[in-house]
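Trainee:
Here you go:
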């Protein structure tokens with residue numbers, strides 16, 4: 001109890017020193033209100049404001065931090081870093097199965113550095129280099145099977161060079177060669193059928209566009225043409241005369257010169273060709289030969305003053321393989337059968353309005 005007088009003054013001194021330290025300590029630092037917010041956020045937490053910067057919810061300062069998203073299966077989807085409200089750093093994206101989809105480099109809101117994208121199978125889709133938001137350097141692209149299909153070179157956003165990669169050129173050559181072999185084997189008949197049909201399609205187009213519609217027929221190349229002879233005749237309603245013609249066994253074919261003379265005679269008589277249609281029905285190679293035969297069905301509308309006729313017939317075409325030529329050429333033409341419908345008198349319909357084409 002005698003030591004108590006010494007202990008009490010000591011406590012007072014310690015307490016005074018403690019209070020003195022409290023008064024002399026450094027003042028609190030400045031408010032952090034104006035410092036960039038550091039967050040790990042979801043994409044839906046950010047909003048882009050009129051100043052072009054991204055903000056976290058109601059914050060008044062631009063967002064700095066990492067945005068993370070997940071797929072519905074719980075696997076990671078995207079990781080996108082921001083700094084001062086702008087994309088900055090490596091933006092990464094994954095497919096739901098976990099394989100990487102994209103890797104984009106940003107600096108202060110602009111693409112900068114190497115950027116890449118992958119196919120779902122993990123094969124690189126494209127890879128390019130950017131500088132300040134513009135492509136700068138090589139830009140290459142690949143198919144899912146790894147085929148290099150594109151190569152471009154940029155300089156400050158300007159395309160300086162574009163070329164087909166050697167691997168793609170080789171693949172194209174292979175495909176062309178394979179197609180050529182198929183055209184000569186599996187698709188030989190189909191390819192030839194399309195080629196010969198185009199001969200009559202071209203004739204059809206020429207007839208539609210020609211002022212003198214006899215001219216394309218006169219210039220059409222062939223070796224001979226056999227026409228049918230009348231077999232029967234009857235009268236239908238509206239005084240329509242129905243004639244049927246068949247090719248006789250002793251029919252004498254015309255050569256090209258005789259055909260031109262025949263057409264000239266019809267033109268002199270006053271006949272006009274109004275329109276026509278030509279459709280290939282069948283095509284087949286002759287057995288063991290490169291020569292072929294096809295059958296076309298045709299319709300021709302013609303008029304001579306008040307006489308109007310419609311001709312519907314079947315045209316057999318012989319196709320010959322000429323030595324040194326790639327395509328088949330027309331040989332003999334035979335109109336095996338023909339039906340002619342004729343009506344005389346004023347047309348039942350008179351055009352009232354013509355729209356200029």
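Numbering (the numbering used here), first residue to last: 1 to 357.
We put the CB at the ideal spot given by N, CA and C, even for glycine.
So is residue 280 buried or exposed if we call it buried at 16+ other beta carbons inside 10 Å?
Mentor: Counting from one through the chain shown, the residue named residue 280 turns up at place 280. Buried.
Trainee: Looking at the structure shown, is residue 13 part of a helix, part of a strand, or coil, going by DSSP?
Mentor: Working through the chain shown from its first residue, we reach residue 13 at position 13. Any reading at residue 13 needs caution, since the residue's pLDDT is 38, under 50, leaving its predicted position unreliable; the model's value is listed next. Three-state DSSP puts residue 13 in a helix.
Trainee: Taking buried to mean at least 16 other C-beta atoms within 10 Å of its own C-beta, is residue 178 buried or exposed?
Mentor: Here the question's residue 178 lines up with position 178 in the chain shown. The residue in question, residue 178, is exposed, as its Cβ has fewer than 16 Cβ neighbours within 10 Å.
Trainee: Using only CA atoms, which one of 94, 274 and 137 lies nearest to residue 122?
Mentor: On the chain shown, residue 122 is found 122 positions in, with the first residue counted as 1. Nearest option by C-alpha distance: 94.
Trainee: Evaluate the contact criterion for the region 184-202 versus the region 261-272: three or more CB pairs, one atom per stretch, below 8 Å.
Mentor: no
Trainee: Quick check: does the Cβ of residue 216 come within less than 7 Å of any heavy atom belonging to the ligand PLP?
Mentor: Absence of the ligand PLP is noted for the structure shown, with no ligands found whatsoever.
Trainee: Could you check the C-alpha separation between residue 57 and residue 170 for me, to the nearest Å?
Mentor: Position 57 of the chain shown holds residue 57. Position 170 of the chain shown holds residue 170. Whole-angstrom Cα-Cα distance: 55 Å.
Trainee: Measure the CB-CB distance between residue 141 and residue 126 and report whether it falls below 8 Å.
Mentor: Locating residue 141 in the chain shown gives position 141, where the first residue counts as 1. Locating residue 126 in the chain shown gives position 126, where the first residue counts as 1. For residue 141 and residue 126, yes; Cβs fall inside 8 Å.
Trainee: CB residue 226 to CB residue 253, shorter than 8 Å?
Mentor: On the chain shown, position 226 is the one that residue 226 refers to. On the chain shown, position 253 is the one that residue 253 refers to. Their beta carbons are under 8 Å apart, which means residue 226 touches residue 253 by this criterion.
Trainee: Count the other C-beta atoms from every protein chain shown that fall within 10 angstroms of the C-beta of residue 238, then say buried if there are 16 or more, exposed otherwise.
Mentor: Walking along the chain shown from the start, residue 238 turns up at place 238. When all chains shown are included, residue 238 counts as exposed.
Trainee: Could you have a look at residue 172 and say whether DSSP puts it in helix, strand or coil?
Mentor: Reading the chain shown from its first residue, position 172 is the one you call residue 172. Here residue 172 sits in helix by DSSP.
Trainee: Under three-state DSSP, which class holds residue 322?
Mentor: Your numbering for residue 322 matches position 322 in the chain shown. Residue state, collapsed to three classes: coil.
Trainee: Using the C-alpha atoms, what's the distance from residue 192 back to residue 216?
Mentor: Numbered from its first residue, the chain shown carries residue 216 at position 216. Numbered from its first residue, the chain shown carries residue 192 at position 192. Put simply, the backbone Cα of residue 216 is about 23 Å away from that of residue 192.
Trainee: Since I believe residue 335 is in contact with residue 228 (beta carbons under 8 Å), could you give me their beta-carbon distance rounded to a whole number of angstroms?
Mentor: As a working note, residue 228 is residue 228 in the chain shown. As a working note, residue 335 is residue 335 in the chain shown. Correct: roughly 5 Å between the Cβ atoms.
Trainee: How big is the Cα-Cα spacing for residue 71 and residue 78?
Mentor: Taking the first residue of the chain shown as 1, we reach residue 71 at position 71. Taking the first residue of the chain shown as 1, we reach residue 78 at position 78. Their Cα atoms are separated by approximately 9 Å.
Trainee: Within the continuous alpha helix (DSSP H) that includes residue 286, where are the two ends?
Mentor: As a first step, residue 286 must be located in the chain shown, where it is residue number 286. First-last for residue 286: undefined, no H or E at that position.
Trainee: Do the CB positions of residue 110 and residue 132 come within less than 8 Å of each other?
Mentor: On the chain shown, position 110 is the one that residue 110 refers to. On the chain shown, position 132 is the one that residue 132 refers to. Their beta carbons are under 8 Å apart, which means residue 110 touches residue 132 by this criterion.
Trainee: For residue 55 and residue 66, which I take to be in contact (beta-carbon distance under 8 Å), what is that distance rounded to the nearest angstrom?
Mentor: Residue numbering aside, residue 55 sits at position 55 when the chain shown is read from its first letter. Residue numbering aside, residue 66 sits at position 66 when the chain shown is read from its first letter. About 15 Å; that fails the 8 Å criterion.
Trainee: Determine the DSSP secondary structure at residue 208, reduced to helix, strand or coil.
Mentor: Residue mapping note: residue 208 aligns to position 208 of the chain shown, counting from 1. Of the three classes helix, strand and coil, the one that applies to residue 208 here is helix, per DSSP.
Trainee: Going by CA-CA distance only, name the one from 284, 145, 114 and 124 that's closest to residue 130.
Mentor: Position 130 of the chain shown, counted from the first residue, corresponds to residue 130. Comparing Cα-Cα distances from residue 130 to each of 284, 145, 114 and 124, the minimum goes to 114.
Trainee: Any idea if residue 317 is buried or exposed, counting beta-carbon neighbours within 10 angstroms, 16 or more meaning buried?
Mentor: Here residue 317 refers to the residue found at position 317 of the chain shown. Taking all protein chains shown into account, residue 317 has 16 or more neighbouring C-beta atoms within 10 Å of its C-beta and is therefore buried.
Trainee: Run through the region 215-289 for me and flag every whole beta strand (DSSP E) of 3 or more residues, listed as ranges in chain order.
Mentor: 224-226, 229-236, 240-246 and 272-285
Trainee: Could you give the first and the last residue of the continuous beta strand (DSSP E) run that contains residue 57?
Mentor: Stepping through the chain shown from its first residue, residue 57 is reached at position 57. Element bounds for residue 57: n/a, residue is neither H nor E.
Trainee: So if DSSP puts residue 130 in a beta bridge, which residue, or which two residues, is it bridged to?
Mentor: One-based indexing of the chain shown puts residue 130 at position 130. In DSSP, residue 130 forms a bridge with 113 and 135.
Trainee: So the beta strand (DSSP E) residue 150 belongs to, where does it begin and stop?
Mentor: Indexing the chain shown from 1 puts residue 150 at position 150. According to the DSSP assignment, residue 150 belongs to the beta strand (DSSP E) that extends over 148-155.
Trainee: Mark residue 48 as exposed unless 16 or more other C-beta atoms lie within 10 angstroms of its C-beta, in which case mark it buried.
Mentor: As a position in the chain shown, residue 48 is number 48, starting the count at 1. The residue is exposed, with fewer than 16 neighbouring Cβ atoms inside 10 Å.
Trainee: What is the DSSP secondary structure of residue 32, counted as helix, strand or coil?
Mentor: As a first step, residue 32 is located in the chain shown; it is residue number 32 there, counting from the start. Caution is warranted here: a pLDDT of 43 is assigned to residue 32, below 50, making its placement in the model unreliable, and the coordinate value is therefore given only provisionally. Residue 32 falls in the helix class under three-state DSSP.
Trainee: Under 8 Å, do residue 320 and residue 328 count as touching if we go by C-beta distance?
Mentor: On the chain shown, position 320 is the one that residue 320 refers to. On the chain shown, position 328 is the one that residue 328 refers to. Yes. Within cutoff.
Trainee: If we count Cβ pairs, one from each stretch, closer than 8 Å, do we get three or more for the region 196-211 versus the region 267-286?
Mentor: Result yes; three or more Cβ-Cβ pairs closer than 8 Å.
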